[in-house]
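Asker:
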Amino acid sequence: MSAASWAPLTPAERAVAIEVLTHGPISRTEIARRLDLSAGSLTRLTKPLIESGLLIEGPAPVTTAAARQGRPSQPLDIVADSRYFAGFKITADAVYGVVTTLKSDIVADRTVPLHTHDPDQVADLLHTMTEEFTAAFPRLSGVGVGVGGHLDSRAGDSGAGGTPAGGGHAGTVSSPFLGWRSVPFADLLAQRTGLPVVVENDVAALIEAEAWFGAGRGLDRFAVLTIGAGIGYGLVIGGQLVRTPESDHGIGPRWIVSQNGPLTPDGDRGSVVSFLAIPSIRYQVRAATGRDHTYDEILALAAAGDPMPARVLDEAARALGTVVAQIANFAMPQKILLAGEGVGLVDVAGPAIEEAIRANRDPFAAPVPLETKISDFNDWARGAAVLAIQILVLGRPEV
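1339 is the number of the first residue of the sequence shown in the numbering used here; add one for each residue after it.
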């Protein structure tokens, strides 16, 4: 099968393949129920998918003689290593690259220092990394790139369905971290690699990965709050990431927790960013103590009872609890995922977070279903690879 091998699939065949990809191994009975198909229709739709090597029949579940009625149903699953995908997370000083299977499992990774932000030279670097990945994984079928910034437009496809393979996303990207303004980076990389390429805001990419393959898998309403160099937020409803023209611009600086809150290094006061972003926490501790510490050092000092780091993190924890309660109150998700490099705060100041959540929720409200995941940069790169998977699966990038 070629990189765009899913493009000829009928909409019904594609729907079956997506169900198996995002929920498999899964029985035919469950697929038929989810898609409202008859057993005969499902057999007809799955036959070419199995013959092409995209799907595989698993062993039938063990049942008792009394429970068995007729032939046991063999669950269907995706052949995960039938295709591989490259994902890249670009930071100000490094590029983090991974290769994943069709089910988004990371099978290789590499980190390369970034010595320039010139778009053409960055595209050259990612091209070199992609060539190295392709040499090890010849069935590499697409490339996703996560950037801290926003897409200036979302029009166009990435070569997976209706446009030639190797075409890039027609939009442009602007990134304050890289000093980019309206850079057609997907096209630059697609021209070099000859592969379908999609570029997306890194937070949106991470959320897509969690919605398809992670903490939000199978949920109808799912929210993600990321804590790191900045603050990211996204809401998934009906399996789709809610998007607005402002989605990629970041709401953290304008999400006010307290008008009397701390200042950021940029002089903003009281926002989610000023309370929770790693640079802001480091700035507060440095201003109070005269000493510069890494975020991990601040967590360790607070855990050991050092008064000033403990005070800064206590305020951050109460702000985080307030924000979690606000998300639960207004978005009513089935789960909230806290992700990013900054969620170590939960381990150090968990009781303060829980207290703030309770203080900002109705006393009779159900507990907030909260999950935490410390995400390193390979996780962010994996999110970008999931965008490449979506190019193949959906016939277009999900952006």
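Built from N, CA and C at the ideal position, the CB exists for glycine as well.
To the nearest angstrom, report how far apart residue 1482 and residue 1366 are at their CA atoms.
Answerer: Each residue's alpha carbon lies about 31 Å from the other.
Asker: Three-state secondary structure (DSSP) at residue 1597?
Answerer: Residue 1597: coil per DSSP, three-state reduction.
Asker: Since residue 1567 and residue 1615 should fall inside the 8 Å C-beta cutoff, what is the C-beta to C-beta distance between them, to a whole number of angstroms?
Answerer: Rounded, the Cβ-Cβ distance is 7 Å, consistent with contact.
Asker: For the segment 1349 to 1389, list the alpha helix (DSSP H) runs that are entirely contained and at least 4 residues long, ordered along the chain.
Answerer: The segment 1349 to 1389 contains these whole alpha helix (DSSP H) runs: 1349 to 1361, 1366 to 1373, 1377 to 1389.
Asker: Which of helix, strand or coil does DSSP assign to residue 1613?
Answerer: In this structure, residue 1613 counts as helix in the three-state DSSP scheme.
Asker: Counting pairs of Cβ atoms below 8 Å between the segment 1715 to 1731 and the segment 1683 to 1696, do you hit three or more?
Answerer: No, they do not touch.
Asker: Pick from 1356, 1361, 1630: whose alpha carbon is nearest that of residue 1383?
Answerer: Among 1356, 1361, 1630, the Cα nearest to that of residue 1383 is on 1356.
Asker: Rounded to whole angstroms, how far is the Cβ of residue 1600 from the Cβ of residue 1618, which I believe are closer than 8 Å?
Answerer: That pair is a contact at about 7 Å.
Asker: Nearest by alpha-carbon distance to residue 1460: which of 1480, 1549, 1485, 1447 is it?
Answerer: The shortest Cα separation from residue 1460 among 1480, 1549, 1485, 1447 belongs to 1485.
Asker: So residue 1414 and residue 1363 are supposed to be a Cβ contact under 8 Å. How far apart are they, rounded?
Answerer: Rounded, the Cβ-Cβ distance is 7 Å, consistent with contact.
Asker: Does residue 1645 pass the burial test, meaning 16 or more other C-beta atoms within 10 Å, or should it be called exposed?
Answerer: Looking at its Cβ environment, which holds fewer than 16 other Cβ atoms inside 10 Å, residue 1645 is exposed.
Asker: Could you say which of 1385, 1371, 1361 lies nearest to residue 1348 if we only look at CA atoms?
Answerer: Considering only alpha carbons, the answer is 1385.
Asker: Let me know the secondary structure DSSP gives residue 1642 once reduced to three states.
Answerer: Three-state DSSP puts residue 1642 in coil, outside helix and strand.
Asker: Closest by CA to residue 1669, which one among 1612, 1575, 1376?
Answerer: Out of 1612, 1575, 1376, 1575 has the C-alpha closest to the C-alpha of residue 1669.
Asker: Can you confirm whether the segment 1656 to 1676 touches the segment 1701 to 1711 when touching is taken to mean that 3 or more C-beta pairs between the two stretches lie within less than 8 Å?
Answerer: With the cut-off at 8 Å, the segment 1701 to 1711 and the segment 1656 to 1676 touch.
Asker: Within 10 angstroms of the Cβ of residue 1393, are there 16 or more other Cβ atoms? Answer buried if so, exposed if not.
Answerer: Label assigned to residue 1393: buried.
Asker: Taking the alpha carbon of residue 1802 as the point to measure from, which residue in 1395, 1698, 1654, 1361 has its own alpha carbon closest?
Answerer: No statement about residue 1802 is possible, as the shown extent of the chain runs from 1339 to 1737 and does not include it.
Asker: Suppose contacts are defined by Cβ-Cβ distances below 9 Å. Is residue 1749 in contact with residue 1721 by that definition?
Answerer: Because the chain in this structure spans residues 1339 to 1737, residue 1749 falls outside the shown range and cannot be described.
Asker: Whose C-beta lies closer than 6 Å to the C-beta of residue 1561 among residues of the same chain, with five residues either side of it excluded?
Answerer: 1573, 1665, 1669, 1671, 1674.
Asker: In this structure, does DSSP put residue 1346 in helix, strand or coil?
Answerer: The answer is coil: DSSP assigns residue 1346 none of H, G, I, E or B.
Asker: Would you identify the three-state DSSP class for residue 1554, choosing helix, strand or coil?
Answerer: Here residue 1554 sits in coil by DSSP.
Asker: Roughly how many angstroms lie between the CA atoms of residue 1432 and residue 1633, to the nearest whole one?
Answerer: Rounded to the nearest angstrom, the two C-alpha atoms are 19 Å apart.
Asker: For residue 1419, which residues in the same chain have their Cβ closer than 6 Å to its Cβ, ignoring the five residues on either side in sequence?
Answerer: These residues qualify, in order along the chain: 1439.
Asker: Express the C-alpha separation of residue 1368 and residue 1397 in angstroms, rounding to a whole number.
Answerer: The alpha-carbon atoms of residue 1397 and residue 1368 are separated by roughly 16 Å.
Asker: For residue 1721, name the three-state secondary structure that DSSP assigns.
Answerer: Note: residue 1721 maps to helix in three-state DSSP.
Asker: Could you give the C-beta distance for residue 1541 and residue 1509, rounded to a whole number, given that I count them as a contact under 8 Å?
Answerer: Their Cβ separation, rounded to whole angstroms, is 17 Å, which puts residue 1541 and residue 1509 out of contact at 8 Å.
Asker: So the beta strand (DSSP E) residue 1483 belongs to, where does it begin and stop?
Answerer: Per DSSP, residue 1483 belongs to the beta strand (DSSP E) from 1478 to 1485.
Asker: Nearest to residue 1660 by alpha carbon, out of 1442, 1593, 1480?
Answerer: Considering only alpha carbons, the answer is 1593.
Asker: For residue 1719, is the classification buried or exposed, using 16 other Cβ atoms within 10 angstroms of its Cβ as the cut-off for buried?
Answerer: With 16 or more other Cβ atoms within 10 Å, it is buried.
Asker: From residue 1582 to residue 1511, what distance separates their C-alpha atoms?
Answerer: Each residue's Cα considered, the two are about 16 Å apart.
Asker: For the alpha helix (DSSP H) holding residue 1443, just list the boundary residues, first then last.
Answerer: Unbroken run through residue 1443: none, as it is neither H nor E.
Asker: State the start and end residues of the unbroken alpha helix (DSSP H) segment that holds residue 1688.
Answerer: Its alpha helix (DSSP H) spans residues 1683 to 1697.
Asker: How should residue 1358 be labelled, buried or exposed, when 16 other C-beta atoms within 10 angstroms of its C-beta is the threshold for buried?
Answerer: With 16 or more other Cβ atoms within 10 Å, it is buried.
Asker: Can you tell me which of 1424, 1606, 1717, 1694 puts its alpha carbon nearest to the alpha carbon of residue 1536?
Answerer: Ranking 1424, 1606, 1717, 1694 by Cα distance to residue 1536 puts 1424 first.
Asker: Take residue 1626 as the anchor and find which of 1609, 1649, 1637 has the nearest alpha-carbon.
Answerer: Residue 1649 is the option with its Cα nearest to residue 1626.
Asker: What is the DSSP secondary structure of residue 1412, counted as helix, strand or coil?
Answerer: If DSSP states are grouped into helix, strand and coil, residue 1412 belongs with coil.
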